[in-house]
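Structure, as structure tokens:
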Amino acid sequence: MDSDSIYRSITLIVLIVVGGLLAGMETAYSSCNKVRLKYNAENGDNKSERVLKIIEQSDKSITTILILLNIIHISAASIATVVAVRLLGEIGSLVSTIVLTILIFTFSEVIPKSIAKDNADSYAIKAAPVLRVLIIILTPFAYILSATGRLLRKFMGNSTKEPTMTEDELQSMIETIEEEGVLESDQSELIQSAIDFLDTTAADILTPRVDIVAVDIDWRKEKIDSTVIKEKFSRLPVYENTIDNIIGVLQSRKYLRGMLNNSAIDITALMDKPIFVHQSMLVNTLFEMMSAKRAHMVIVTDDYGGTAGLITMEDIMEELVGDIYDEDDIVEEDYVYLDDGALEIAGELRMDELLDILDIPYNDDIIEHKTISAWTMEHLQNIPAVGDSFEDFGLHVSIKELDGMRIEKLLVKAVCSNEAENTEQEEKGRKKKDEVAE
5 MDSDSIYRSI TLIVLIVVGG LLAGMETAYS SCNKVRLKYN AENGDNKSER
55 VLKIIEQSDK SITTILILLN IIHISAASIA TVVAVRLLGE IGSLVSTIVL
105 TILIFTFSEV IPKSIAKDNA DSYAIKAAPV LRVLIIILTP FAYILSATGR
155 LLRKFMGNST KEPTMTEDEL QSMIETIEEE GVLESDQSEL IQSAIDFLDT
205 TAADILTPRV DIVAVDIDWR KEKIDSTVIK EKFSRLPVYE NTIDNIIGVL
255 QSRKYLRGML NNSAIDITAL MDKPIFVHQS MLVNTLFEMM SAKRAHMVIV
305 TDDYGGTAGL ITMEDIMEEL VGDIYDEDDI VEEDYVYLDD GALEIAGELR
355 MDELLDILDI PYNDDIIEHK TISAWTMEHL QNIPAVGDSF EDFGLHVSIK
405 ELDGMRIEKL LVKAVCSNEA ENTEQEEKGR KKKDEVAE
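Basically our numbering = 1-based index in the sequence shown + 4.
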């Protein structure tokens, strides 16, 4: 091998190494933790701030790297071909193509990208000064190529910029962080509840009209006394003739004070003016409105102006942090694991909650936060009876208990194709039951 071939071979090795470093930069800047870098930058880390500035101009940085990679690969191919032909003759061109492909794939792609992905933040920080200089040098070329790319995207009708992260991806990231032990289970649940909170409507969390405890303005005093004392609610809606005509909200505390004083009670004087909201109102908007008006209860109306239900400030807080119990509350679980692997669930449990419990994937647009009882009625298409059943989502669902025509409790069990799966399901059920008991 003559001295010229040696120099060319050394140049080829340098090009492969530089190509690997550039490929690593590309991977590092696309894989680095932007949230962590932003946090560090806000706390005075100048290196993280430099990386973020490069990420903000990602079109320039990626284009710069790709320009250099193409120059390097073309140069490497040319040099390798010249050296191989000198040494091996006509077959050298084929040999150089095969060998160079293996070398570039291994040392300029797989290895550097794997290293960069595993150490994305530190790699991006170390590469930032070099990449900034390269961006400045190649800005004219990068600008032309970026502008051409934008023009083509606009021409092809794909100019809309997608969000950096979708809601589902954010949920998945939180679950991953929890699995890695960075977040506790209750912290993860709170964050996910806050995300879901933004899409939750009044219809999703209201107490339905059939469960409303209210007072008729025309009731005798003894009946009103009994209702206020027995139900122990801090506020009760007051209606005239029908629950669809709510005329006020009675504060139980004021009413009880009048009872203790044995004075004549004018219920209309103790009532607050009711606040009405439509069932489609977003809960975060409702929360802001109730906070501004210092309201503790609102009446939710349906599309026809009738009473769909009511919502208290406590209902909204429970949507964020979970159930809140008073010392006198009787706690009834929404679901209970049975020994045979089945779940006994309340009809008012939401479908999304059930599928989350069972780790079954679902589409939010399909289930629309409907309750299990509503889901059951859609399948049965008739008046429910104890024992009625159906199958969906790989689950066998049957009615266990009714209150009139209202579904109170159901049994849910995974559909098993053979005895082995059935035994496995029962074992899972027993384990889950033991975990809940602990």
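Cβ atoms here follow ideal geometry from the backbone N, Cα and C, with glycine treated the same way. Since the structure is predicted, the reported quantities are computational estimates derived from the model, not experimental observations.
If you follow the alpha helix (DSSP H) that Thr311 is part of, which residue opens it and which one closes it? The count along the sequence shown starts at 1 and reaches residue 311 at position 307. Element bounds for Thr311: not the alpha helix (DSSP H) but the beta strand (DSSP E), 311-316.
Quick one, are the C-beta atoms of Ile315 and Pro278 less than 7 Å apart? In the sequence shown, residue 315 corresponds to position 311, counting from 1. In the sequence shown, residue 278 corresponds to position 274, counting from 1. No.
Beta-carbon proximity of Val304 to Leu210, cut-off 7 Å: Residue numbering aside, residue 304 sits at position 300 when the sequence shown is read from its first letter. Residue numbering aside, residue 210 sits at position 206 when the sequence shown is read from its first letter. Against a cut-off of 7 Å, the Cβ pair of Leu210 and Val304 comes out as a contact.
Let me know the secondary structure DSSP gives Ser197 once reduced to three states. As a first step, residue 197 is located in the sequence shown; it is residue number 193 there, counting from the start. It is helical.
Spatial neighbours of Leu274 within its chain, please: C-beta separation below 8 Å, excluding the five flanking residues on both sides. Numbered from its first residue, the sequence shown carries residue 274 at position 270. Only Leu254, Gln255, Lys258, Tyr259, Gly262 meet the Cβ criterion.
Closest to Lys42 by CA distance: which of Arg54, Ala378, Ser34 is it? As a working note, residue 42 is residue 38 in the sequence shown. Answer by Cα proximity: Arg54.
Endpoints, alpha helix (DSSP H) assigned at Val419: Translated into the one-based positions of the sequence shown, residue 419 becomes position 415. Here Val419 belongs to no alpha helix (DSSP H), and DSSP marks it neither H nor E.
So, under 8 Å CB-CB, Thr311 and Asp222 are touching, yes? Tell me the CB distance rounded to an integer number of Å. On the sequence shown, residue 311 is found 307 positions in, with the first residue counted as 1. On the sequence shown, residue 222 is found 218 positions in, with the first residue counted as 1. 17 Å between Cβ atoms; not a contact.
Would you mind listing the beta strand (DSSP E) stretches within the region 192-258 that are 3+ residues and don't spill past its ends, in chain order? 239-244, 246-255
Ser52 and Asn44 closer than 7 Å at C-beta: As a working mapping, residue 52 is identified with position 48 in the sequence shown. As a working mapping, residue 44 is identified with position 40 in the sequence shown. In this structure, Asn44 lies closer than 7 Å to Ser52 by Cβ.
C-alpha gap between Ile106 and Leu353, whole angstroms: In the sequence shown, residue 106 corresponds to position 102, counting from 1. In the sequence shown, residue 353 corresponds to position 349, counting from 1. Near 58 Å, if we compare the C-alpha coordinates of Leu353 and Ile106.
Beta-bridge partners of Asp276, as assigned by DSSP: Taking the first residue of the sequence shown as 1, we reach residue 276 at position 272. Asp276 pairs with Val253.
Among Glu337, Ile69, Glu182, Met317, which has the Cα closest to the Cα of Tyr147? Here residue 147 is taken as the residue at index 143 of the sequence shown, counted from 1. When only C-alpha atoms are compared, the closest one is Ile69.
According to the neighbour-count rule (16 or more other Cβ atoms, all chains shown, within 10 Å of its Cβ), is Pro365 buried or exposed? Here residue 365 is taken as the residue at index 361 of the sequence shown, counted from 1. Per the 10 Å Cβ criterion, exposed.
Assign Ile20 to buried or exposed, taking buried as 16 or more other Cβ atoms, counted over all protein chains shown, within 10 Å of its Cβ. Residue 20 sits at position 16 when you count from the first residue of the sequence shown. When all chains shown are included, Ile20 counts as buried.
Inspect the CB distances between the region 276-294 and the region 189-204 and report whether three or more fall short of 8 Å. yes
Counted within 10 angstroms of its Cβ, other Cβ atoms place Glu60 as buried (16 or more) or exposed: The residue you call residue 60 lines up with position 56 of the sequence shown. Exposed is the call here.
Do Ile178 and Ile195 have their C-beta atoms within less than 7 Å of each other? Here the question's residue 178 lines up with position 174 in the sequence shown. Here the question's residue 195 lines up with position 191 in the sequence shown. Result yes, Cβ atoms of Ile178 and Ile195 sit closer than 7 Å.
Cβ of Pro388 within 7 Å of Cβ of Ile361? Within the sequence shown, the letter at position 384 stands for residue 388. Within the sequence shown, the letter at position 357 stands for residue 361. No, the pair does not count as a contact, with Cβ atoms beyond the cut-off.
In the DSSP output, what is Thr375 paired with across the bridge? The residue given as residue 375 occupies position 371 in the sequence shown. Looking at the DSSP assignment, Thr375 forms a beta bridge with Arg354.
Going by DSSP, what residues sit across from Thr180 in a beta bridge? The count along the sequence shown starts at 1 and reaches residue 180 at position 176. In DSSP, Thr180 forms no bridge with anything.
So Phe397 is in the beta strand (DSSP E); what residue range does that whole segment cover? Within the sequence shown, residue 397 is the residue found at index 393, counting from 1. That residue, Phe397, is in no beta strand (DSSP E); it is neither H nor E in DSSP.
What three-state label does DSSP hand His282 in the structure shown? Here residue 282 refers to the residue found at position 278 of the sequence shown. The answer is strand: DSSP assigns His282 an E or B state.
Residues bridged to Glu348 [DSSP beta-bridge criterion]: In the sequence shown, counting from the first residue as 1, residue 348 sits at position 344. BP columns for Glu348 point to Val340, Leu415.
Could you tell me which of Arg224, Ala207, Glu348 sits nearest to Leu286, measuring between CA atoms? On the sequence shown, position 282 is the one that residue 286 refers to. Of the listed residues, the one whose Cα sits closest to Leu286 is Ala207.
Can you tell me whether DSSP reads Arg40 as helix, strand or coil? For the purposes of this step, residue 40 is taken as the residue at position 36 of the sequence shown. Helix.
Please determine, among Thr67, Ser9, Ala296, the residue with the shortest C-alpha to C-alpha distance to Ile141. Within the sequence shown, numbered from 1, the residue matching residue 141 stands at position 137. It is Thr67 whose Cα lies nearest to the Cα of Ile141.
Identify the residues that DSSP records as bridge partners of Ser402: which are they? Locating residue 402 in the sequence shown gives position 398, counting from the first residue. In DSSP, Ser402 forms a bridge with Ser393, Leu415.
By Cβ distance, which residues of its chain are closer than 7 Å to Val440, with the 5 residues on each side in sequence left out? Taking the first residue of the sequence shown as position 1, residue 440 is located at position 436. Caution is warranted here: a pLDDT of 49 is assigned to Val440, below 50, making its placement in the model unreliable, and the coordinate value is therefore given only provisionally. So the qualifying residues of the chain are Tyr341.
Do Ser377 and Gly398 have their C-beta atoms within less than 7 Å of each other? Against the sequence shown, residue 377 aligns to sequence position 373. Against the sequence shown, residue 398 aligns to sequence position 394. The answer is no: Cβ separation not under 7 Å.
For Leu135 and Ser62, believed in contact at Cβ under 8 Å, the rounded distance: Indexing the sequence shown from 1 puts residue 62 at position 58. Indexing the sequence shown from 1 puts residue 135 at position 131. Contact flag wrong, Cβ pair sits at about 11 Å.
Under the DSSP definition of a beta bridge, which residues are partnered with Ile303? Walking along the sequence shown from the start, residue 303 turns up at place 299. Per DSSP, Phe280, Leu314.
Check Arg298 in the structure and name its three-state DSSP category. Stepping through the sequence shown from its first residue, residue 298 is reached at position 294. It is coil, neither helix nor strand.
Where Asp407 sits in the DSSP three-state scheme: The count along the sequence shown starts at 1 and reaches residue 407 at position 403. If DSSP states are grouped into helix, strand and coil, Asp407 belongs with the strands.
DSSP three-state call for Asn288: helix, strand or coil? Counting from one through the sequence shown, the residue named residue 288 turns up at place 284. Three-state DSSP puts Asn288 in a helix.
Check Ser13 in the structure and name its three-state DSSP category. Reading the sequence shown from its first residue, position 9 is the one you call residue 13. Three-state result, Ser13: helix.
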